[in-house]
Structures are given as C-alpha cells and as structure tokens.
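Per UniProt numbering, the sequence shown runs over residues 1 to 174.
Scroll down for the structure; my scribbles are underneath it.
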Amino acid sequence: MAAALNGALAVFATRASVEEMRSTTDILSKYIGNVAQNPSEPKYRQIRKQNAVFQQKILNVPGASAILQAVGFVERGDFLEMGTPDLELLNLALKRLAEELEEKDAKDREAAKKLAENRIAAQKAKDQEKKLLLMQIQGDNACRKEVGWKSGVSSAAMKAGKGITTFGDISARS
C-alpha cells in the first residue's frame, strides 16, 4: 500500500500545479484526517463522488483520486468507501502530502526568485546600454560645440567616393 501511495504522490506532485496542489492537499488532508481521527465513524469513511468539491478538486487533479485509493478508499456505486482503516498508512499519507506540498512550494519560490533575478539582470544590461548611448550622444554634442567644428561628409564616406559631387547631384544636363 505504501508503494501505491508513493506512486500516486509522485504523479500528484509532478503533474499538478502549485495552486492545484494547495487546494487539493487541503481537501485530501481533510478526508484522510477525518478518517484517521475518527476511524470507527462510518460517515468519514464514505465520500460521495457526485459532490461538487470532490469532482472539482479531486477528480480533475492528476493523482489525487489515486491517493485516496492508495490509502484504502474503494469505488462502490456513487461512493468511495473505506473498510477498516490502516491508521499508520493514513498518518503516513498526511505527512507525505504536507512534505510534497512544501517541496513543490520551495521549488516554485526558487523558480520565481530565478525569474526575478533574470529580469533584474536584463534590466541592468538595458540600463548599461542606455548609459553608453547617452555618453556617446553627450560626446557628439561636446564635439559639435568645439570651435572649428563643421558639418560635412565623413572621411570614411570620402574614401568610398560618396563625397564627390556629380552632374546628377546638381541636375546638370549635358
């Protein structure tokens, strides 16, 4: 039974999002915890499959219904029912659910932290690029303010022959 629980928890932890895990873990913990605290109470050992919360938060989340089956719930008609509960397995399931949720939360926080760090690094690079461009503009402005500076064709353009005036440039006809 513990192997089935581990397999179901693995599917649950890998395929469910953090938000799904939080809400589903709350419901699973309530179902399993009620049976663990009141093992002789038949109403806690029975879950109606038509229940809206059950359908939304258990059936729609991968691995969640397998966890209930791994702890001893069996399908009987419109219900999931548990015979004699294995308290050790139920307590193990509660403990492992909490651990899996904490681990998934930690991974989610770490991923969010890395994403934020990447955004900050990208913004710093962008700011540095802007700073260099601004320095170039300020340098150009300073050069233009110098005595003797005049606008003209660059020496690179002169070497390529683009600075030579032709008849076509002055609209002369032969």
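Using N, Cα and C, we set each Cβ at its ideal position, and we do this for glycine too.
For V11, does the three-state DSSP call read helix, strand or coil? helix
Would you mind giving the Cβ-Cβ distance between V18 and G63, rounded to the nearest angstrom? I have them listed as a contact below 8 Å. That belief does not hold up - the Cβ atoms of V18 and G63 are roughly 14 Å apart, past 8 Å.
Among V35, E75, L132, G7, which residue has its Cα nearest to the Cα of L87? V35
Would you mind working out which of S23, G83, A3 sits nearest P42, comparing C-alpha positions? G83
Taking contact to mean 3 or more Cβ pairs, one atom from each stretch, closer than 8 Å, check whether the segment 56 to 75 and the segment 129 to 140 are in contact. no
List the endpoints of the continuous beta strand (DSSP E) containing Q37. Element bounds for Q37: not the beta strand (DSSP E) but the alpha helix (DSSP H), 18 to 37.
Just verifying my parser: in three-state terms, what is the DSSP assignment at Q50? Looking at Q50 - three-state DSSP - the assignment turns out to be coil, as it is neither helix nor strand.
Work out the CA separation of D127 and L133 for me, nearest whole Å. Distance between the alpha carbons of L133 and D127 is about 10 Å.
Would you say L101 and S29 are within 7 Å of each other, going by their C-beta atoms? no
Measure the alpha-carbon distance for Y44 versus T25 and round it to whole angstroms. 17 Å
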